[in-house]
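Here's the structure, in C-alpha cells; my notes come after.
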C-alpha cells in the first residue's frame, strides 16, 4: 500500500507483482538486527561501518577506508563491464534533514553542484563530461531521497586519467560547490519543471494516502519540496544546507570497476584529504511517529488510484542494526510470506476469482516502518469479495500454518537462488554493484558477496523448521496498527449513517466470521511437460560468419525443417545468455486492428507462464532458477525472449518451446492486462509525456497506431476469444529463427535446439503488402490533456529516409547519412539542453532522437521532444523551432561535434559488451536489415571521419522549415489550472 519512491531498501523487495526469483532472494542479502528505541533520529549516522557494529564480515575483496577527517570510501574490483568504473558519492543527508523552511532544498542542492564548483565554471561541467565520452543523464546522474543524496559517474574507462577526473568532480561536489545567486535563479526553473513533470494524478493519489496514514510525521513531505520554499529560495538558504550536511563524516565514496584498488586508494585519499566541515553539524529534526492504533480504513476512488484492496500491518518505527540473529528472523519471515504469496496468486488465477492478481509482501516504509502486507487487484469492482479472500487466506495461514510440502518447496527455492546468485553477481554491471553498496551502507547493513550470502543462509535453511517460519509470519502480522484500504472503486449502496470507511471495516469484520480450514490445494508442478521429439531435426548447414573482424563474427545453422539458429558467443557478461525465438507476422504487415490485437496479446502473455502453466506455477516448477521471459509484437515478427544463466539454456529452450507450441491465455491474465492498461490510462491521457508519446506518434505516422504506445482506448473492444484465435494462428506460422548471444557453447546449443524444435516445417506467413506510414510534412496538430494537470509539451519532427535494408557499404552516401543522423541528433539534443533547460529553465529533460524503420519503407524521422508547463508552451515551441533553424542556417561547430562523437563512440563501446545488443543485431540482420552488422562494424570509422562541414550540410538538407511537423500537448481547459 505505502509505496514510497524513497524507501531505504534495507531488505530488498520485489516490485509490484513480479515474481523474479533473483529479486525474491535479494530480499535476504541485507537484513538488520539489534533493534532499539530511537533516542535520536538517524542513529546510523555515527561514522562507523555496519560491519564494525555486528558479527557479520564485509565483502572480503572490498577495501573499506576512513580518513582522519571522517570521510569513508569503499573500493571493489569488478570487471563487468571490462575496462569501466562506476563511482557513487553518497552524502548521507536528504529531505528528512531539512528544516521547515527548507522543503525541497536537499534536492535543489543536488542540482546546484552541477552548476559551478571550484574547478568547473558554471556551464562547463556537462561539456567536460561529454568531452570524456560521458552523456548527461546516462553516465552522469544523481538522486535525492529522504536520507541520502547520491551522485553517480559511470566512467568510460578505468585509466588513471579517467579515475582522477572522476575523483576531481566528486571532490568538488562535496567540498567546492559555488552556489552563485545567478545560477540559483537559473536552476530554479529546472527544479520547478521537474516538479511539474512529477505531478501526476497517481503521485497525487500516493500523497493523499501518505497524508492519511503518516499524518503528523515528516514522512509525508515530498522530496521535491514546496513552491513556497523553492520560488523564494536563494543562495544563502542553499549554502546553509550544503555547509551543514555535506561534511566528511556523512560522506562515503563507493568505487567499483575494473581497476587495482591498491593503485586507486592513494588517489582517493589525496582527493579528499582536505575535506573539512564548513559549519556546525545540525541536529536532525524530529520525524514523528504514527498517530493511530487499531484497525484503520482508507478509501480513495479519485483519478490516479488503482482498483485494488490492500491490508497492511505496520510496526512502530524502529532502526535495526545488522547481525546474524535478525538475518535468520528475516529469512523465516520471507519463507512464510512466500508461501502466503503463492497461495494468493494461485487463488487469483482462477477464472471465477474476484481479483486478477493477489500478492503478499514483507517490506518497510521509508526503511523504518516494518510492515507485512497483502494486496489484490479487483475485477469489476469486486472489492468486498477480494477483501474477504485476503482476510480468509491470512487467517488460514496464521491459524492452520503451512504444509510440509509448501515449506520444503520454499526452502529449496531459496537455496537454489542463493547458490545461483554467485554466478549472477559476476555478470552484474559495476554501476549496479555500486548502487547496492550505497543501499546497504545507508540502511546500516553489511555489504557481503554472494558467496558469503550462501555461507550465511545455507546453514540457516538447513536447520530452519516449519514452526519457526510460521511463528515469524505470525509475529510479522501481530501489530497494533492495521490499515485496510480500498482504492480506485466507488463504494455504492451505503445505508443511512454509513460511510465508505465504515463499510470497509464492516466487510473486514464480516470476512472474519467465515470458517477457514487447512490449505488443501497444493499440487506438484511438472516441467517440462511436453514430450520431446523422438528424432532430432537434421542440421543441413553450419557456418561461421567471419567475413568481418571480431567481435562482428557469429555462427549460423539451419535445420531441415526451416528453423534457423543464429549464435554469437561472448564472455562480457559471464555465465549470462540471451535467447529469442522469432516467428509469425510482424505488425508492419498487419492492419490497424490486427496490430492492436497483436500488441494486446503480448501484454497478456507477458503476465502468463509457459504453456499450460500459470506464472506462479512456472516459478514453482523452476524452483529458484531465474529465467526471465518476454513476448513482443515486433514490426518484423512475433518474438519470445528469455534471459538465463549458462547452465539453464536447455530449460529456457523448453520454456520457449512450450510457449510456441502450447501457450494458453487465461481469463485472469487477460483481466490483469486490461487492468494494467486502465491503470496507465491516466498517464497516457492526462500527462504531457503520455499525450506526446501516443497522440504525437499517431500524428507523425498519418494517424496510424503501429508506433504509438498501446492504450486502453485501443483495446476496449478486443475480446479474449479474439486474442486466443490470433495466438493460435501466429504460433503456427514460420519461419522460426532462434538467436542466442552470450556465454554459452554453440555446439551444445545446436544439439539442444535440433532436438527440441524438430518437427514439420511451418508455413510462412502470408506475403501481404506492408503498411504505409505517411509523415505529415508541414502540418501541425494539437491535443489537450485530460484532467487538471498544468503540463504541456511540443514535438517538432523532420522526415528522414527509411532504414537501409541492403548490403550497402560506407562508401555509399546514404549509409554515411544514416550514421551521421545519430551525430546530428546528439548535437540537437545538447543545444536543446543548453537553451531550453539551462538558459531558460523551461524544461526538465528536453530530448531528441532519430528513428529510421526498415519495415515501413521510406519512413523515418528526427524528433525533438520537450515537456514544460502550460504557461511556457509558446516560448518553448519558439525556442525549439529556433534551435532547428539555427542548425540549418549556421551549422555545427567542431567543438560540439567532437563532444557528440565521443559520447556516441563511448556509448557504442558499452553496447558491444551487452548480450541484448548482439541478440537484437542478429535478429535485424536476419529479418529486416541485411548488412546491418557490416554497417555497425564500420560505424565508428564514419563517426571519426565526419567533419563539421559535412554535418552542417546534413543539417541544412534535413531541417527544411516547410517539412517540419509540429504537435503540441496543452493543459486541459479547467478552472483548477
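Numbering (mature numbering (1 follows the signal peptide of the UniProt record, and there is no 0)), first residue to last: -39 to -1, 1 to 938. By construction, the Cβ of each residue, glycine as well, lies at the ideal position given by its N, Cα and C atoms.
Inter-residue Cα distance where the pair is residue 441 and residue 311
Rounded to whole angstroms, residue 441 to residue 311 spans 33 Å at the Cα level.
So, at 7 Å on beta carbons, what are the nonlocal neighbours of residue 422 in its own chain, with the 5 sequence-adjacent residues on each side left out?
For residue 422, where only same-chain residues beyond five positions count, the Cβ hits under 7 Å are 372, 375, 376.
Applying the criterion that 16 or more other CB atoms from any shown protein chain within 10 Å of the CB defines a buried residue, is residue 507 buried or exposed?
Exposed: under 16 other Cβ atoms inside 10 Å.
Kindly indicate the opening and closing residues of the alpha helix (DSSP H) around residue 691.
Counting along the chain, the alpha helix (DSSP H) containing residue 691 begins and ends at 681 to 691.
Own chain residues within Cβ distance below 6 Å of residue 272, not counting five before or after:
Contacts found: 335, 351, 445.
How far does the beta strand (DSSP E) with residue 529 in it reach, from first residue to last?
Unbroken beta strand (DSSP E) run through residue 529: 525 to 530.
Specify, as a first and last residue, the run of the alpha helix (DSSP H) that residue 203 falls within.
196 to 206 is the extent of the alpha helix (DSSP H) around residue 203.
Determine the direct distance from the alpha carbon of residue 574 to that of residue 256, and round the result to whole angstroms.
Each residue's alpha carbon lies about 38 Å from the other.
Taking the straight line between their C-alpha atoms, what separation do you get for residue 326 and residue 401?
The C-alpha of residue 401 is placed about 16 Å away from the C-alpha of residue 326.
Along the chain, where does the beta strand (DSSP E) containing residue 275 start, and where does it finish?
Start and end: 269 to 275.
Per the DSSP calculation, residue 503 is bridged to which residue(s)?
Residue pairing for residue 503: DSSP places it in a beta bridge opposite 518.
As an exercise, report each continuous alpha helix (DSSP H) stretch of at least 4 residues that is fully enclosed by the segment 629 to 654, in chain order.
If only uninterrupted alpha helix (DSSP H) runs of at least 4 residues are considered, those enclosed by the segment 629 to 654 are 649 to 652.
What does the Cβ neighbour count give for residue 227, buried or exposed, with the cut at 16 atoms within 10 Å?
Residue 227 counts as exposed, since fewer than 16 other C-beta atoms from the protein chains shown sit within 10 angstroms of its C-beta.
For residue 137, which residues of its own chain have a beta-carbon under 8 Å away from its beta-carbon, when the five flanking residues on both sides are left out?
Apart from the 5 residues on each side of it in sequence, residue 137 sits with its Cβ closer than 8 Å to the Cβ of 78, 79, 80 in its chain, given in chain order.
Per DSSP, what kind of secondary structure is residue 401 in: helix, strand or coil?
Helix.
Is there contact here, the segment 619 to 629 with the segment 562 to 576, by at least three beta-carbon pairs under 8 Å?
Yes, the segment 619 to 629 is in contact with the segment 562 to 576.
Using a 10 Å radius around the Cβ and a threshold of 16 neighbouring Cβ atoms, would you call residue -33 buried or exposed?
Legend: pLDDT at residue -33 = 26, less than 50; position of this residue unreliable, no value from coordinates given.
Measure from the alpha carbon of residue 914 to the alpha carbon of each residue in 488, 785, 713, 384, then state which is nearest.
785 is the residue among 488, 785, 713, 384 whose C-alpha sits nearest the C-alpha of residue 914.
For residue 616, which residues of its own chain have a beta-carbon under 7 Å away from its beta-carbon, when the five flanking residues on both sides are left out?
Shown here for residue 616: same chain residues with a beta carbon closer than 7 Å to its own, the five before and five after excluded, namely 571, 588, 590, 603 in chain order.
Between which residues of its own chain and residue 607 is the CB-CB distance below 7 Å, once the five residues before and five after are set aside?
If we look at residue 607 and ignore the five residues flanking it on each side, its Cβ neighbours are 536, 538, 704, 705.
Within 10 angstroms of its Cβ, does residue 231 collect 16 or more other Cβ (buried), or is it exposed?
Burial call: exposed.
Is the Cβ of residue 375 closer than 8 Å to any Cβ of chain D?
Absent from the structure is chain D; it holds one protein chain and no more.
Assuming residue 643 and residue 754 are in contact, meaning their beta carbons sit under 8 Å apart, how far apart are those beta carbons, in whole angstroms?
Their Cβ separation, rounded to whole angstroms, is 16 Å, which puts residue 643 and residue 754 out of contact at 8 Å.
Between residue 821 and residue 858, is the Cβ-Cβ spacing less than 8 Å?
It is not a contact, given that the beta carbons lie outside the stated cut-off.
Since residue 319 contacts residue 333 with CB under 8 Å, what's their CB separation in whole angstroms?
At roughly 15 Å, the Cβ-Cβ gap does not stay under 8 Å, so residue 319 and residue 333 are not in contact.
Can you give me the start and stop residues for the beta strand (DSSP E) that residue 330 sits inside?
Per DSSP, residue 330 belongs to the beta strand (DSSP E) from 330 to 339.
Quick one: residues in its chain with C-beta nearer than 6 Å to the C-beta of residue 361, no 5 flanking neighbours on either side, listed in chain order?
Cβ-Cβ distances below 6 Å link residue 361 to 479 in the same chain, with the five nearest sequence neighbours on each side left out; the list follows chain order.
Could you check the C-alpha separation between residue 53 and residue 534 for me, to the nearest Å?
Residue 53 and residue 534: Cα-Cα distance of roughly 32 Å.
Is it buried or exposed for residue 779, if we count other Cβ within 10 angstroms and need 16 for buried?
With 16 or more Cβ atoms within 10 Å of its Cβ, residue 779 is classed as buried.
Hey, is the segment 843 to 859 in contact with the segment 768 to 783, meaning 3+ C-beta pairs nearer than 8 Å?
Segments in contact, no.
Taking DSSP's pairing of strands, which residues face residue 754 in a bridge?
According to DSSP, which records beta bridges pairwise, residue 754 is partnered with 828, 930.
Quick one: what does DSSP say residue 900 is sitting in, helix, strand or coil?
Assignment of residue 900 by DSSP, reduced to helix, strand and coil, places it in the helix class.
Going by beta-carbon coordinates alone, are residue 355 and residue 438 separated by less than 8 Å?
Taking a C-beta distance under 8 Å as the contact criterion, residue 355 and residue 438 qualify as a contact pair.
Assuming residue 786 is part of the alpha helix (DSSP H), what are its boundary residues?
Segment 774 to 793, the alpha helix (DSSP H) holding residue 786.
Expressed to the nearest angstrom, what Euclidean distance is found between the alpha-carbon atoms of residue -3 and residue 277?
Bear in mind that the predicted position of residue -3 carries a pLDDT of just 34, short of 50, making it unreliable; the figure below should be weighed with that in mind. Answer to the nearest angstrom: the Cα atoms are 10 Å apart.
Given 8 Å, three or more beta-carbon pairs between the segment 196 to 214 and the segment 81 to 90:
The segment 196 to 214, when compared against the segment 81 to 90, does not touch it at the 8 Å Cβ threshold.
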